[in-house]
Amino acid sequence: MRPTDDTYRHEALRRKLVKEIQSKGITDERILAVMLDLPRHYFLDSAFDETAYEDKAFPIGEGQTISQPYTVAYQTQLLELKPYQKVLEIGTGSAYQAVVLAEMGVQVYTIERQKKLFEANKTFEFLKKYKFIKFFYGDGYRGLPTYAPFDRVIITAAAPEIPQNLIDQLKPGGMMVIPLGAGDMQQMMRITKLENGSLKEEVFDYFSFVPMLGGKES
Ligand code: SAH
62 MRPTDDTYRH
72 EALRRKLVKE
82 IQSKGITDER
92 ILAVMLDLPR
102 HYFLDSAFDE
112 TAYEDKAFPI
122 GEGQTISQPY
132 TVAYQTQLLE
142 LKPYQKVLEI
152 GTGSAYQAVV
162 LAEMGVQVYT
172 IERQKKLFEA
182 NKTFEFLKKY
192 KFIKFFYGDG
202 YRGLPTYAPF
212 DRVIITAAAP
222 EIPQNLIDQL
232 KPGGMMVIPL
242 GAGDMQQMMR
252 ITKLENGSLK
262 EEVFDYFSFV
272 PMLGGKES
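Residue 154 in this note's numbering is what sits at position 93 of the sequence shown, and the numbering runs on without skipping anything.
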């Protein structure tokens, strides 16, 4: 069961969480404000009611996880979003990251390869108000050629390599934030597609994500 009530206690826990991620180095006030307002416990089973505001990843079924709040904030900050941009997310999972993006004022296209997780979001009442999030069931390695090009691409699973299809679907001047690496840890990278088509690569901290897998899971 999903919880649907947001109490003062949840709000107090969120304030503490936001202070924590701020102390870890997140400086973008807009992101902090969005995370302060957004009930993360809605995205988890009610069994996590007490723990939902710990800065940790938690299971969401199908062997997948909701990303750690710090990681969500970190990736969002690297995206340097501007209102109305088109953003492609690979790995919808709980949809928490997708909602953070939507609250930043961008149009979100998000893909999930696990049918059950995709279906669960269809019946998640809280998501109904987010008209600027479009949900897709499919293989993120293919991207969404019909909706391309995108201003930003965010990958929320560990990518063993930079997916060329997704680079192709970036606008000139666009950016991709991707945790890169096949082992236990991945290095966060930001890839900017320059106007002349060449790529600028920047490297950041190490994180641990569930793997980005090929194909769809029914
Ligand atoms: N952004 C999510 C994080 C979920 S974990 C959140 O906020 O909760 C990563 C998700 O990526 C998992 O749900 C996994 O099933 C999905 N995934 C892995 N490889 C994928 C692929 N090739 N295409 C689409 N989704 C993928």
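Beta carbons are placed, not taken as given, at the ideal position from N, Cα and C, and that holds for glycine.
Anticipated Cβ contact below 8 Å, residue i with residue j, distance rounded
i: Gly234; j: Glu256; result: 6 Å
i: Tyr45; j: Lys195; result: Lying outside 62 to 279, the shown extent of the chain, residue 45 is not represented and no answer is given.
i: Ile92; j: Glu150; result: No, Ile92 and Glu150 are not in contact; Cβ-Cβ is about 15 Å, not under 8 Å.
i: Leu140; j: Val79; result: Wrong, their Cβ atoms sit about 19 Å apart, outside the cutoff.
i: Ser107; j: Arg63; result: 7 Å
C-beta contact flag for residue i and residue j at 8 Å
i: Leu227; j: Gly204; result: yes
i: Val148; j: Asp66; result: no
i: Pro224; j: Tyr202; result: yes
i: Met96; j: Ala156; result: no
i: Tyr114; j: Lys77; result: yes
i: Lys177; j: Glu123; result: yes
i: Met236; j: Ile252; result: yes
i: Glu164; j: Leu99; result: yes
i: Val160; j: Pro144; result: no
i: Gln129; j: Glu278; result: no
i: Tyr326; j: Phe179; result: The structure shown does not extend to residue 326, since the chain spans only 62 to 279, so no value can be given for it.
i: Leu105; j: Ile127; result: yes
i: Gly154; j: Ile121; result: yes
i: Met249; j: Glu262; result: no
i: Asp116; j: Glu81; result: yes
Element boundaries [alpha helix (DSSP H), containing residue i]
i: Pro130; result: Pro130 to Leu140
i: Ile121; result: Segment Phe119 to Gly122 is the beta strand (DSSP E) holding Ile121; no alpha helix (DSSP H) there.
i: Lys261; result: Lys261 -> not in any alpha helix (DSSP H); beta strand (DSSP E) instead, spanning Leu260 to Phe268.
i: Ile127; result: Run containing Ile127: none in the alpha helix (DSSP H); it sits in the beta strand (DSSP E), Gln125 to Ile127.
i: Asp98; result: Glu90 to Asp98
i: Arg213; result: Element bounds for Arg213: not the alpha helix (DSSP H) but the beta strand (DSSP E), Phe211 to Ile216.
i: Tyr69; result: Tyr69 to Ser84
Residue from the options whose Cα sits closest to the Cα of residue i
i: Thr88; options: Thr137, Tyr157, Ile127 and Glu115; result: Thr137
i: Gln230; options: Gln158, Pro206, Glu164 and Phe187; result: Pro206
i: Gly244; options: Glu262, Val271, Met237 and Leu74; result: Val271
i: His102; options: Gly199, Phe119, Gln125 and Lys143; result: Phe119
i: Gly152; options: Ala94, Ile172, Ser84 and Phe109; result: Ile172
i: Gln146; options: Leu139, Gln158 and Leu162; result: Leu162
i: Ala218; options: Phe268, Leu188 and Phe179; result: Phe268
i: Gly242; options: Lys192, Gln125 and Val264; result: Val264
i: Tyr69; options: Glu111, Pro210 and Lys232; result: Glu111
i: Glu72; options: Asp266, Lys232 and Ala94; result: Ala94
i: Leu260; options: Lys232, Met246 and Gln247; result: Lys232
Span of the beta strand (DSSP E) around residue i
i: Arg251; result: Gln247 to Lys254
i: Met236; result: Leu231 to Leu241
i: Glu150; result: Lys147 to Ile151
Go through the segment 158–205 residue by residue and report every complete run of the beta strand (DSSP E) that reaches 3 residues or more, in order. 168–173 and 194–198
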